[in-house]
Structures are given as C-alpha cells and as structure tokens.
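S.K.: Chains as they are written, first to last, in this note's numbering: chain A, 1 to 369; chain B, 370 to 586.
Beta carbons are placed, not taken as given, at the ideal position from N, Cα and C, and that holds for glycine.
Sharing a structure here in structure tokens format.
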C-alpha cells in the first residue's frame, strides 16, 4: 500500500511540472490571438486557470488532500473552461480558451483512478469539446480519440507502476522475513533444540518422571522446529500454499512421523487446508481406535499434477462393516471427514485395513478437475 | 572375538558429542576420534581410520556434506551415518548424494543409534521414512525435469525399488517389507542400497555434465 502511494506521489510531483508547462499555453496563445467577443471575461478565465494551476499543485502535493472531491473540481473547471469558449470567444471560434491546459486534469484522473479514470476524463473532455463547437471538423474527432486514448494509456501505466511497486515491496519484505527466520533458526538450532533433543533422549533412558519430562521436551522440540522451519516460499501466486510445510505441522503430534519430499509442494491454499484436515481426521481416527500414543506415519509424494498421501498405523485394523454401520447411523465419522473431503477435491480416498494395521491412501489433484 | 567397530563422532555441540561418545563406548564400539568442526574432522580422519563416521550436518565449515564427500574420497570403505536434526532435509539429501549410507534423527533413542551404527558398519543402509520420501521425491523430480537429458535406465528406479522405497517412507521396517513382499531381508536391503547407489551415480553424472558444460573438464 505504501509503495503504491509513493508511486502516486511521484507521479503527482511530475504532474506539477507538466501543469506549469501547460498553463503557459492559454496565456501565450490568447495573448497572441486575442480574438475575444468578451475580452474581460475571457481574461478572467485565463487568470482563473493560472491561479488554479498553483492551487492544484499545492493541493495535490499531500496524499490526504487527493480526495475525489478535488479531482471532480479539477475536471469540472476544465469542462467549464471548454464550455466558456463559445460564450466568450463567439460561436465560430477555432481554438478553445484553455487549449492544452485541460491535460492537467486528465492526467490527474489517470494517476488517481487508473485507466478507467483516465478514459472517463478523456471521454468527458472530448465530448464536451465537440458539443461546444458549431462546426466539427475531422481534427476535432481526432482530438476526442487522442484524449480517450491518452487517458486510458497513462492510467494503465500508472496502475501498472503501482502494482509493480507493491509487488517489489512484498518481495523485499518476504526476503527480509526469510533472512531473519534463517538467522533465528541457526541460533535456535545451535542451542535450544540440541538441549531439548538431549533431554528427550536422556529422559527416555532414565524412565519414570524423567521420561515424562523427556517426552515434553520432545514435543517442544518438534513444535519449535516446525516454527523455525525455513522453506522456499511457494510460488508467490496469491492464494497458493505449501502442502509439505502444512503437513510438517502434524509431526508435532505424539507418535506421528511425517515423510516429505524436499522443497515446497505448491497448491491452492484452500485445497491445502482441506487435505491437511483430511489427514488430521485420519490421525484422529488412529488415536481414537488404536491409542493415544499409537505410532502413525504420514507420507507425501508429489506426482506433478497430483499429490499422493498415505496415513498408516500398526493398530488392529478396522473391523469389517464398522464404517458402513457408522455411515448408516448417520454419524459423520470417517466417511464424512475423509472420503467426503477428498471427493469434493476431485480426488480419491482408499482404505486398506487388516490385522497388521490400517492405511489410508489419498490421491488429490493439485487443481480442481 | 572380532575387532570392535571404530567410530568417529563429529558434532559441534559438546553435550551431544559426549553423550553419543559415551553411548557408543558403552555399547562396545571404539570411539577413535571426535571433532567439533569440519576441518578437524577431515584432518583427523586419515590417522583415526574409523569404520563409521557419525556426523552432524550442522557443523562449522566445511559443512557436513563436504566432510562426507572428502572422507569417502579418502577411504571409500568407510561409512557415514548422518545424525541430524529433522528440519535439515535438503542438507540430508545432499549428504546422501555425497555418499552417506545412513540417516538418523537426533531424537532417536540410544538403542536406535547403536543399531544404526552397527548396521551401517555392516554395509547396510539405514533409512528413515523421512529420507525415503526425500530420495523418492528426488527421483520424481528428475523424471519431471523436461529440459534435462533423459535419465539413462541404469540411473532410473525399478518398479520394485519404488515399491520398497514407498514402504520405507510409510514407516515399515525392512523385516516387515520382506514379509509383505515375500522376499528375503537381504534382498530388501540390496534394493535400498541400489537406490542409494543410483542416486549417487546420478549425482556424479550431473556434476561431470555440469563441469563439461562450464568448460572445467
């Protein structure tokens, strides 16, 4: 946001010089031609243009003063000058009173409101110019066309510059965050994590209360690791997330081991959320039916346009007919949260169960088919 | 009685180094050297002649990956067991490409560590599910690279190797895998070793290709 505003301010500073150049046109051209029906009123208009030029430069200098009202007044004055031309110069005038001065308002609209604003201001000025003339020749039509074209083009360029500046800012910010995270990760790795891992290991060997301490240290080690884990940011397309990083978060659960490929696995953020929820439901199932400390393995494979996941445990297996029974009773258990979710994503959930364990295999396309 | 297995422990954290050394000594291994950084590790390796190097990847320069490559170049019969934190997966993959044949996370128990050193010393490979997933992901990535020259068949995984790798990634031990596939435990081990060999081979081919491209040949 700040970057976009800086670009806008820069454009308005440039416009200030353009306005100074443009205001010389009505002054010099009218002094040379001096073909007025009402000279006093006409020169008052020129004076107004000079005064407004300086007032406008001052008003546009501060971002908080660039309100729609200011732009409406700016454009309104330009239109008024065009309308005044046939009144003060007589109906058979050739050049308008303001001449190129109206470009100032046009460019202000283009900077502030993008290509739509520029196109609108250009069209309005061009049409008013045509309506005020008693006779319309070919070049007048050309003027309308040029005003519309330049308004849209300048507006589009300003909009693009703002978008690019915002993107550059975001990229720099992400880089700084990643660098800071890497620095923290190094510091934490050299100290805290090593000690936590050691406490976990020694605790398990000593047994008793120490084992409990060790287990707690292990959990904290895992969650701290997940926190500082640095991954290349997934393709920075909006709404994209890294499935591998999201799944790694599940390794904080006791007994759960998560096996992932190197690097990011980019998918739509919503799809990532659904997949992680489905895997979480599989793990909940393990905990409920096998035991709170039951070991479970999550394995992710990136197949290019789809991902394959496996959630395996070594419990006694799911008795035949239990899933169907739960489904028939209307309980939103396994079928709802796992199969339903995966089916909604256009994927497939397969269950293999037996006395030596249970395995869910989920295949999910990266994009909705 | 055969000679005890000679082990070298490389870790920059003194508490860890001592704990690992103590555990290994107590289990009957001979800890012939320790080192706190890559330079010491490389310098002490030739004189100590360990059978197994238990190596932390996050050590002061040169890195664990470079140490792996250097010591194996010096003595190809030595084995490298990576004992590392679970978050450093890219480094682990690089170390395996450089020739390490085992990987264990630091939160593993003492029994697991001792068993791993024993197996690596015997020429087996020690795979965690995490490493299997990394290696499989690496082969998948190679297959997807469109602009790269096609991987020759000798460097590609066979269907059986992929099957076994997937089972390891799902947390199954080699005995379990042997039972499910009706193979001998030895055959399963041979398959996983082949996978590592292919990965290292591919890595060497890549490096050579890179060197030729850059005009360094």
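(1) For residue 306 (chain A) and chain B, any beta-carbon pair shorter than 8 Å?
(2) For residue 60 (chain A), which of helix, strand or coil comes out of DSSP?
(3) Measuring alpha carbon to alpha carbon, tell me which of A:359, A:283, A:11 ends up nearest residue 292 (chain A).
(4) Please confirm whether residue 475 (chain B) and residue 568 (chain B) have their CB atoms less than 8 Å apart.
(5) Just list the residues that DSSP pairs residue 312 (chain A) with in beta bridges.
(6) Under 8 Å by Cβ, that's how I've got residue 300 (chain A) and residue 265 (chain A) pegged, so tell me the actual separation to the nearest angstrom.
(7) Would a check of beta-carbon distances place residue 299 (chain A) closer than 8 Å to chain B?
(8) Quick check: residue 56 (chain A) and residue 19 (chain A), are their CB atoms within less than 8 Å of each other?
(9) Within the continuous beta strand (DSSP E) that includes residue 541 (chain B), where are the two ends?
(10) Assuming contact is defined by CB atoms lying nearer than 8 Å, are residue 310 (chain A) and residue 359 (chain A) in contact in what I supplied?
(11) Measuring only between beta-carbons, confirm whether residue 364 (chain B) sits less than 8 Å from chain A.
(12) So if DSSP puts residue 365 (chain A) in a beta bridge, which residue, or which two residues, is it bridged to?
(13) Helix, strand or coil for residue 234 (chain A)? Go by DSSP, reduced to three states.
(14) Using a Cβ-Cβ distance cut-off of 8 Å, determine whether residue 200 (chain A) contacts chain B.
(15) Give the DSSP-derived three-state secondary structure of residue 207 (chain A) in the structure shown.
(16) Output, in chain order, the set of chain A residues within a Cβ distance shorter than 8 Å of residue 539 (chain B).
(17) How many Å lie between residue 557 (chain B) and residue 498 (chain B) at the Cα?
(18) Given a cut-off of 8 Å on the beta-carbon distance, is the pair residue 368 (chain B) and residue 433 (chain B) in contact?
(19) Quick one, which of B:384, B:377, B:410, B:492 has its alpha-carbon nearest residue 394 (chain B)'s?
(20) When the Cα of residue 254 (chain A) is compared with those of A:267, A:298, A:243, A:244, which residue comes out closest?
(21) Within the continuous beta strand (DSSP E) that includes residue 266 (chain A), where are the two ends?
(22) Between A:173, A:286, A:118, which has its C-alpha nearest residue 155 (chain A)'s C-alpha?
(23) Write down the C-beta distance between residue 490 (chain B) and residue 374 (chain B) rounded to the nearest angstrom, noting that I regard them as a contact closer than 8 Å.
(24) Measuring only the C-alpha atoms, how far is residue 402 (chain B) from residue 195 (chain A)?
(25) Applying a beta-carbon distance threshold of less than 7 Å, which residues of chain A neighbour residue 498 (chain B)?
(26) Is residue 42 (chain A) near residue 36 (chain A), with beta carbons less than 8 Å apart?
(27) Which one of A:289, A:86, A:13 has the shortest CA to CA distance from residue 63 (chain A)?
(28) DSSP state of residue 473 (chain B), grouped into three classes?
(29) Can you round the beta-carbon distance between residue 110 (chain A) and residue 47 (chain A) to whole angstroms, since I take them to be within the 8 Å contact cut?
(30) Among the candidates A:217, A:212, A:209, A:207, whose CA atom is the shortest distance from the CA of residue 198 (chain A)?
(31) Quick one: which chain B residues come within Cβ less than 8 Å of residue 221 (chain A)?
(32) In angstroms with no decimal places, state the Cα-to-Cα distance between residue 233 (chain A) and residue 510 (chain B).
(33) May I have the straight-line CA-CA distance separating residue 170 (chain A) from residue 184 (chain A), to the nearest angstrom?
(34) Tell me, please, which residues DSSP counts as bridged to residue 377 (chain B).
(35) Is the separation between the beta-carbon of residue 362 (chain A) and that of residue 343 (chain A) shorter than 8 Å?
M.R.: The relevant details are as follows:
(1) Chain B, which has no Cβ nearer than 8 Å to the Cβ of residue 306 (chain A), makes this no.
(2) helix
(3) A:283
(4) Going by C-beta atoms, residue 475 (chain B) is not nearer than 8 Å to residue 568 (chain B).
(5) A:297, A:359
(6) 7 Å
(7) yes
(8) Contact flag set, yes.
(9) Element bounds for residue 541 (chain B): n/a, residue is neither H nor E.
(10) yes
(11) Since the first and last residues shown for chain B are 370 and 586, residue 364 (chain B) lies out of range.
(12) A:306
(13) Annotation note: pLDDT 42 at residue 234 (chain A) (below 50); position unreliable, coordinate value reported separately. Coil at residue 234 (chain A), not helix or strand.
(14) yes
(15) coil
(16) Within chain A, the residues placing a beta-carbon under 8 Å from that of residue 539 (chain B) are 259, 297, 299, 310, 312, 359, ordered along the chain.
(17) If you draw a straight line from the Cα of residue 557 (chain B) to the Cα of residue 498 (chain B), it is about 15 Å long.
(18) With chain B covering only 370 through 586, there is no way to say anything about residue 368 (chain B).
(19) B:377
(20) A:298
(21) 266-268
(22) Ranking the options by Cα distance to residue 155 (chain A), first place goes to A:118.
(23) 5 Å
(24) Distance between the alpha carbons of residue 402 (chain B) and residue 195 (chain A): 23 Å.
(25) Simply 257, 259, 297, 299.
(26) yes
(27) A:13
(28) strand
(29) At roughly 27 Å, the Cβ-Cβ gap does not stay under 8 Å, so residue 110 (chain A) and residue 47 (chain A) are not in contact.
(30) When only C-alpha atoms are compared, the closest one is A:217.
(31) 476
(32) At residue 233 (chain A) the pLDDT is 47, less than 50, meaning the model places this residue with poor confidence; the figure from the coordinates comes in the next sentence. Rounded to whole angstroms, residue 233 (chain A) to residue 510 (chain B) spans 18 Å at the Cα level.
(33) 21 Å
(34) B:402, B:422
(35) no
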